[in-house]
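Notes follow once the structure below has been shown.
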């Protein structure tokens, strides 16, 4: 019974968080107070959800918050004036060359392999290092293995992002080497034995 | 003090965002769309084969009879290593037995009622899970797409410093690309927790083979199963000496006596009819993200213990939670419907990203009608191809090679869009054709249900 009340409060709190942020961002000037209240309601929702039914309750609270936000967006879409002509962004992403520019195909292929292959291997190394470190710290085998399974895709995603934001090739290699070192240390010092 | 990134950082993040989005965009779109459709995997099975016997529950004795009948029907074939009994549950009130050789429905008395015919539903799940590429290649590619989706979330946040401040600013019908960009950014912000959860769990599931290979090489002498053993339990060394059928009745009766009210979803037999055969019953507790807890029994139905997915190590509980969190089957129909809405939003985000990029280039004077048409063919051709496969399933039956049909249609449409003399005309045709196929599919489904 108590958990039901907490769960309803969690969903309501997260939904109110969306509504509060909608209000906060409609004000002519930025209101730190309302922003804190809005995000705070989200946090309270997640906490109440967790207290009600652990990760399941927190997930339900987040779904309620997102649904409320999508409803508010639907309202914004319906009431948006038609045919408004706003100046659209022309920011250059630099993915393909502009007219007359060289394609630099070799450089692009090298970037692909660095981000998709080298970074993936480095991320597996991070996973191996994570496991070794956790086992050394006294964690159970199950916790260490699962943490490694989580670290690999997370590490790869962060590394991919960082590598693609780095324009100089030498800096990309340096970043890869730094991130590869925990895995190399774990493998060469017998921490994985 | 400000946490806003510098302009150069924003610019580089936008480049990273565009690079990943354009490289992986089409596959991300297909995986997002099919993931959304696959949320209703159980419901699609019922639509696909409406005549299969349904029941709210099944007696243990009926399960025993059915298992023995199925095992007897496979006499002379290589012995199945596993046998799975799907027990009737709310979303799929059917009892189905799957072995290495066949899958059959059983009725409430335990008699075999006929072959399971859900090839289209399975095709949708496989398209989402492995892009219909067998082996670990397909699942690894999909895992890598999950990783790229995570990277897109991060680079997108850095590339748009005002994305939270503008989180409700939706000029939905604005012209010249603003409306499209607003839809992309607003949906991205408000589905962010969902997208992060889906991307991380998908990436973890997809990349697990690669990670486990690395861990196995480094720690377990190359034995990949040993990586998973502390999490999901170990497989015993089989002793192939013949034995009578396992006592499922005793095991199910134990569950009824000791865990009344627990929703039982599967009975799994390991190495049935051998000396080392054992029974696992999967029980799914209410209000948990875990897909269930394994209750382990020996061949005589004596309880041995649980695996610990519900109350063991934190890592075990986390690992057991990723599947339901990814597929949205942790809160009944209501959560599934929310996942459909959020999944469609995510699919829309994938679709609009490339349109935004094409629009920017067009405004800078670089018009690429064939590239735009090819992207339009991906966006409208994919649901059209899915819809066509469903119609063909209903008209021609279960044995059609759905994966081949889907990819043939999808690839041909993209090629056609790139080669036809008037590329701009194809996208509206595809859009209209897709919309036209929807009521046909629905009508065929309803006619079959009647």
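Residue numbers (this note's numbering), protein chains in the order written: chain Z, 1 to 193; chain D, 1 to 450.
Built from N, CA and C at the ideal position, the CB exists for glycine as well.
Remember, it's a predicted structure, so these values are computed and weren't measured experimentally.
Residue i in three-state terms, based on DSSP
i: residue 105/D; result: strand
i: residue 185/D; result: helix
i: residue 266/D; result: strand
i: residue 465/D; result: This structure leaves residue 465/D out entirely; chain D is present only between 1 and 450.
i: residue 276/D; result: coil
i: residue 111/D; result: coil
i: residue 450/D; result: Confidence in residue 450/D is poor, its pLDDT being 46 and thus under 50, which makes the residue's placement too unreliable to answer from.
i: residue 153/Z; result: helix
i: residue 1/D; result: Residue placement at residue 1/D cannot be trusted, given a pLDDT of 46 that sits under 50; what the coordinates show is reported in the next sentence. Correct three-state label for residue 1/D: coil.
i: residue 471/D; result: Residue numbering for chain D in the displayed model covers 1 to 450; residue 471/D lies beyond these limits and cannot be assessed.
i: residue 54/Z; result: helix
i: residue 189/Z; result: coil
i: residue 242/D; result: strand
i: residue 191/D; result: coil
i: residue 76/D; result: coil
i: residue 221/D; result: coil
i: residue 283/D; result: strand
i: residue 66/Z; result: helix
i: residue 160/D; result: coil
i: residue 168/D; result: coil
i: residue 179/D; result: helix
i: residue 427/D; result: helix
i: residue 172/Z; result: helix
Nearest-angstrom beta carbon gap, residue j and residue i [assumed within contact, 8 Å]
i: residue 173/Z; j: residue 123/Z; result: Not really, about 16 Å apart at Cβ, beyond 8 Å.
i: residue 307/D; j: residue 296/D; result: 7 Å
i: residue 324/D; j: residue 303/D; result: Contact flag wrong, Cβ pair sits at about 25 Å.
i: residue 448/D; j: residue 360/D; result: Their Cβ separation, rounded to whole angstroms, is 47 Å, which puts residue 448/D and residue 360/D out of contact at 8 Å.
i: residue 135/Z; j: residue 144/Z; result: 5 Å
i: residue 424/D; j: residue 369/D; result: 6 Å
i: residue 206/D; j: residue 109/D; result: With a Cβ gap of about 41 Å, residue 206/D and residue 109/D do not count as contacting.
i: residue 18/Z; j: residue 72/Z; result: 6 Å
i: residue 212/D; j: residue 232/D; result: Wrong, their Cβ atoms sit about 12 Å apart, outside the cutoff.
i: residue 66/D; j: residue 97/D; result: 6 Å
i: residue 431/D; j: residue 375/D; result: Not really, about 13 Å apart at Cβ, beyond 8 Å.
Residue of the options minimising C-alpha distance to residue i
i: residue 89/Z; options: 391/D, 446/D, 364/D and 431/D; result: 364/D
i: residue 453/D; options: 128/Z, 150/Z and 158/Z; result: Since the first residue shown for chain D is 1 and the last is 450, residue 453/D is missing from the structure and cannot be characterised.
i: residue 180/Z; options: 47/Z, 143/Z and 114/Z; result: 114/Z
i: residue 48/Z; options: 135/Z, 153/Z and 9/Z; result: 9/Z
i: residue 116/D; options: 44/D, 321/D and 404/D; result: 44/D
i: residue 109/Z; options: 274/D, 6/D, 209/D and 23/D; result: 23/D
i: residue 339/D; options: 188/Z, 191/Z, 63/Z and 44/Z; result: 63/Z
i: residue 165/Z; options: 56/D, 167/D, 444/D and 158/D; result: 158/D
i: residue 315/D; options: 36/Z, 176/Z, 140/Z and 185/Z; result: 140/Z
i: residue 281/D; options: 18/D, 435/D, 63/D and 128/D; result: 63/D
i: residue 52/D; options: 127/D, 335/D, 88/D and 147/D; result: 88/D
i: residue 204/D; options: 318/D, 111/D and 300/D; result: 318/D
i: residue 240/D; options: 277/D, 356/D and 234/D; result: 277/D
Unbroken alpha helix (DSSP H) run spanning residue i, endpoints
i: residue 85/D; result: First-last for residue 85/D: 82-86, but that is the beta strand (DSSP E), not the alpha helix (DSSP H).
i: residue 396/D; result: 369-396
i: residue 51/D; result: First-last for residue 51/D: undefined, no H or E at that position.
i: residue 316/D; result: 314-327
i: residue 360/D; result: 332-363
i: residue 64/D; result: 60-73
i: residue 258/D; result: 248-258
i: residue 407/D; result: 402-419
i: residue 18/Z; result: 2-24
i: residue 40/D; result: Per DSSP, residue 40/D belongs to no alpha helix (DSSP H) and is neither H nor E.
i: residue 106/Z; result: 105-113
i: residue 29/Z; result: Looking at the DSSP string, residue 29/Z is not in any alpha helix (DSSP H), and its letter there is neither H nor E.
i: residue 136/Z; result: 119-136
Unbroken beta strand (DSSP E) run spanning residue i, endpoints
i: residue 298/D; result: 293-298
i: residue 133/D; result: Residue 133/D -> no beta strand (DSSP E), and no H or E assigned at all.
i: residue 96/D; result: 95-98
Taking Cβ-Cβ distances below 9 Å as the criterion, which residues of the segment 183-195 of chain D are in contact with chain Z? Within the segment 183-195 of chain D, the residues whose Cβ lies closer than 9 Å to some Cβ of chain Z are 183, 186, 187, 189, 190, 191, 192, 193 and 194, listed in chain order.
For the segment 223-237 of chain D, list every residue whose C-beta sits within 8 Å of some C-beta in chain Z, in sequence order. 227, 228, 230 and 231
Name, going along the chain, the residues of the segment 339-358 of chain D whose beta-carbon falls closer than 8 Å to a beta-carbon of chain Z. 341, 342, 345 and 357
Report the residues of the segment 206-225 of chain D with a CB closer than 9 Å to any CB of chain Z, ordered along the chain. Only those residues of the segment 206-225 of chain D whose C-beta falls short of 9 Å from the nearest C-beta of chain Z are listed: 206, 207, 208, 210, 211, 212, 213, 214, 215, 217, 218 and 219.
Quick one, which residues of the segment 142-160 of chain Z are near chain D if we go by CB-CB under 8 Å, in chain order? So the close ones are 142, 143, 144, 145, 146, 147, 148, 149, 150, 152, 153, 154, 156, 157, 158 and 160.
Interfacial residues, the segment 320-340 of chain D to chain Z, with Cβ spacing under 8 Å: Answer in chain order: 321, 325, 330, 331, 335 and 338.
Just by C-beta distance, which residues in the segment 165-183 of chain D are closer than 7 Å to chain Z? 165, 167, 168, 170, 171, 172, 173, 174, 175, 176, 177, 178 and 181
Can you give me, in chain order, the residues of the segment 23-45 of chain Z that have a beta carbon less than 8 Å from any beta carbon in chain D? Listed in chain order, the positions of the segment 23-45 of chain Z with a beta carbon within less than 8 Å of a beta carbon of chain D are 25, 26 and 30.
Compile a chain-ordered list of the residues in the segment 2-20 of chain D whose CB is closer than 8 Å to at least one CB of chain Z. 9, 11, 12, 13, 14, 15, 16, 17, 18, 19 and 20
Taking a cut of 7 Å between CB atoms, which residues from the segment 162-175 of chain Z lie near chain D? 164, 165 and 167
Between the segment 120-147 of chain D and chain Z, which residues of the former have a C-beta closer than 9 Å to a C-beta of the latter? 143, 144, 146 and 147
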